[in-house]
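**Q** One structure, pasted below without further comment.
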Amino acid sequence: MNPSQPRTCLVYGFATTLIAALAAGCTGGDTATAPKISTVPATGKVSVNGKPVTEGILTLEPLVDGGSTTQAMGPVKADGSFAVASAGGHDGAMPGKYRVLLQSEATKQRKKRMEEVTVEVKEGQALDINLP
């Protein structure tokens, strides 16, 4: 018997158990008891000073005054287009007003000014976001 064989089996056994535990924890739970939210497509283009943003993560943070309390986020593509999804894997965002946040190299120096940019998500309306 090879002396390293029991150790190898132990490592593989631990790795298999860890992967199974992680997979079980990432299933999202019981969808029958998950809260249902009503979203609409939230897509569009984002630019900084009129030039398309070519990378980053766009987040729509709800302005809670009677509207949505669920944020939505999605990646910005090379042409400046984006499509966001809400928590729970729902495509789009709940209708309402949102503060726009963009994590990108193009916006690192503009973070404070951006916090004043807001949009309203409505059914059938694409978003055209131009950040200062």
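Going left to right, the sequence shown walks through residues -23 to -1, 1 to 109 as mature numbering (1 follows the signal peptide of the UniProt record, and there is no 0) numbers them.
All C-beta atoms, glycine included, are put in the ideal place defined by N, C-alpha and C.
(1) Assuming Val23 and Val53 make a contact with CB atoms under 8 Å, what is their CB distance in whole Å?
(2) At what residues does the beta strand (DSSP E) containing Ile34 begin and finish?
(3) Measuring alpha carbon to alpha carbon, tell me which residue in Gln48, Leu104, Val94, Ile34 is nearest Ala70.
(4) Who are the Cβ neighbours of Asp56 in its own chain at under 7 Å, not counting the five residues just before and after it?
(5) If we count the other Cβ atoms within 10 Å of its Cβ and call it buried at 16 or more, is Ala19 buried or exposed?
(6) For Thr16, does the count of other Cβ atoms within 10 angstroms reach 16, so buried, or fall short, so exposed?
(7) Once you ignore the five residues that flank Ile34 on each side, which residues in its own chain have a CB closer than 8 Å to its CB?
(8) Evaluate Val41 with the Cβ neighbour count: other Cβ atoms within 10 Å of its Cβ, from every protein chain shown; 16 or more gives buried, anything less gives exposed.
(9) Answer with buried or exposed for Gly73, where buried requires no fewer than 16 other C-beta atoms within 10 angstroms of its C-beta.
(10) Please report how far the alpha carbon of Asn107 lies from the alpha carbon of Asp68, in whole angstroms.
(11) In three-state terms, what does DSSP make of Ala64?
**A** So, from the listed chains and residues:
(1) Here residue 23 refers to the residue found at position 46 of the sequence shown. Here residue 53 refers to the residue found at position 76 of the sequence shown. Correct: roughly 6 Å between the Cβ atoms.
(2) For the purposes of this step, residue 34 is taken as the residue at position 57 of the sequence shown. According to the DSSP assignment, Ile34 belongs to the beta strand (DSSP E) that extends over 34 to 39.
(3) In the sequence shown, residue 70 corresponds to position 93, counting from 1. Closest by alpha carbon: Gln48.
(4) What you label residue 56 is simply residue 79 of the sequence shown in a count that begins at 1. Excluding residues within five positions, the ones whose Cβ falls inside 7 Å are Pro29.
(5) In the sequence shown, counting from the first residue as 1, residue 19 sits at position 42. Burial call: buried.
(6) Position 39 of the sequence shown, counted from the start, is the residue given in the question as residue 16. It is buried - the Cβ of Thr16 has at least 16 other Cβ atoms within 10 Å.
(7) For the purposes of this step, residue 34 is taken as the residue at position 57 of the sequence shown. If we look at Ile34 and ignore the five residues flanking it on each side, its Cβ neighbours are Met50, Gly51, Pro52, Val53, Leu79, Gln80, Ser81.
(8) Working through the sequence shown from its first residue, we reach residue 41 at position 64. Per the 10 Å Cβ criterion, exposed.
(9) Walking along the sequence shown from the start, residue 73 turns up at place 96. Looking at its Cβ environment, which holds 16 or more other Cβ atoms inside 10 Å, Gly73 is buried.
(10) Reading the sequence shown from its first residue, position 130 is the one you call residue 107. Reading the sequence shown from its first residue, position 91 is the one you call residue 68. Taking the straight line joining both Cα atoms gives about 23 Å.
(11) Here residue 64 corresponds to residue number 87 of the sequence shown, with the count starting at 1. In the three-state reduction of the DSSP assignment, Ala64 falls in the helix class, which pools H, G and I.
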